[in-house]
Amino acid sequence: MKWQPSCKTGGKKFAYQGVVPHPDVFYTLFSLEMPKAKSKHWKQKKVPLEDFEKAVGHIVAPMRYGSLSINSPTVTIVWDVETLQFEVKGTYAVGY
Numbered sequence: 001m002k003w004q005p006s007c008k009t010g011g012k013k014f015a016y017q018g019v020v021p022h023p024d025v026f027y028t029l030f031s032l033e034m035p036k037a038k039s040k041h042w043k044q045k046k047v048p049l050e051d052f053e054k055a056v057g058h059i060v061a062p063m064r065y066g067s068l069s070i071n072s073p074t075v076t077i078v079w080d081v082e083t084l085q086f087e088v089k090g091t092y093a094v095g096y
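Rendered as structure tokens:
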């Protein structure tokens, strides 16, 4: 997260990409329920901010006169089970 003028007016988009060594690590990381063996894996999921923060903690970036924090009501998690890559997307803004 870094300061942008749009942080004052409602939010700046962020995206974080990562790779995990095994699907179990991904589901444990975000406290998600692993799908049954026969069911299809999901590709994109919207998680409420409260549930996301319970799993990974409150994300804050300090700055000179305040802090930046996630302000979107939901965080989108994109998951590719074949390549074991994931992406977390949302918006952040000034928080006090």
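Just so you know, the numbering used here puts 25 at position 25 of the sequence shown, and the rest follows in order with no gaps.
Beta carbons are placed, not taken as given, at the ideal position from N, Cα and C, and that holds for glycine.
Contacting residues, own chain, Cβ-Cβ under 6 Å from residue i (five flanking each side not counted)
i   : result
K89 : A15, T76
K13 : T91
Short Cβ contact (7 Å threshold) for residue i with residue j
i   : j   : result
S72 : V60 : no
Q85 : V25 : no
V78 : H41 : no
Where residue i falls: helix, strand or coil (DSSP)
i   : result
T28 : helix
A55 : helix
E33 : coil
E87 : strand
P97 : Residue 97 lies beyond the residue range present for the chain, which begins at 1 and ends at 96; the question has no answer from this structure.
Of the residues the options, the one placed nearest residue i, counting alpha carbons only
i   : options            : result
E53 : K13, P21, L29, K12 : L29
A37 : G11, P23, P48      : P23
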